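Asks:
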Amino acid sequence: MRHVELKVSTASQGGHAVVSVYGEVDLYTAPRLQAELASLVRDGAGRVVVDLSGVEFCDSTGMNVLLSAMKRLREHGGTLELAAPRPAVRRILQVTGLDTVFSVHDALPALEGT
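Numbering (my numbering), first residue to last: 207 to 320.
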């Protein structure tokens with residue numbers, strides 16, 4: 207089985223954070239994403255946008271990480287949104303019905319309050 211590395215980077219601006227994810231999110235790589243999202247929750251981020259444009263694959267483990275982060279952010283009055291999912295990831299969101307649970311943007315929204 208090939209092992210694809212997951213890269214996660216965060217850019218924060220005010221109470222907003224953009225988490226850019228590259229690679230495949232699965233059972234082996236999801237803890238990396240989970241740790242990044244958990245630290246944003248701890249730091250009190252108000253709005254977190256997860257940029258999925260670099261994600262080729264996301265399994266149920268990855269979806270659960272995103273869901274639990276969204277729930278924790280909501281408990282603290284924050285939001286978690288998904289941006290620019292590739293067709294394969296968008297299909298998973300639609301099949302699981304999660305496209306109605308998450309706010310999903312076709313492109314990365316501007317962070318500034320416009």
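Backbone N, C-alpha and C fix where the C-beta goes; we use that ideal spot for every residue, glycine too.
Computed from a prediction, not measured in an experiment: that's the story for all the values here.
Could you tell me how far apart the beta carbons of VAL231 and ASP257 are, in whole angstroms, since I believe they sit closer than 8 Å?
Replies: As a position in the sequence shown, residue 231 is number 25, starting the count at 1. As a position in the sequence shown, residue 257 is number 51, starting the count at 1. Wrong, their Cβ atoms sit about 13 Å apart, outside the cutoff.
Asks: For HIS325, count neighbouring C-beta atoms within 10 Å of its own C-beta (all shown protein chains included) and say buried if the count is 16 or more, exposed if not.
Replies: The structure shown does not extend to residue 325, since the chain spans only 207 to 320, so no value can be given for it.
Asks: I'd like the ranges of any beta strand (DSSP E) spanning at least 3 consecutive residues and lying wholly in the segment 223 to 296.
Replies: 253 to 264, 285 to 289
Asks: Tell me the rounded alpha-carbon separation between ARG253 and GLY221.
Replies: Working through the sequence shown from its first residue, we reach residue 253 at position 47. Working through the sequence shown from its first residue, we reach residue 221 at position 15. When only Cα atoms are considered, ARG253 and GLY221 end up about 6 Å apart.
Asks: In whole angstroms, give me the CA-to-CA distance for ALA316 and VAL261.
Replies: Working through the sequence shown from its first residue, we reach residue 316 at position 110. Working through the sequence shown from its first residue, we reach residue 261 at position 55. Straight-line spacing of the CA atoms in ALA316 and VAL261 works out to 20 Å.
Asks: Helix, strand or coil, according to DSSP, for VAL310 in the structure here?
Replies: Looking up residue 310 in the sequence shown gives position 104. Strand at VAL310.
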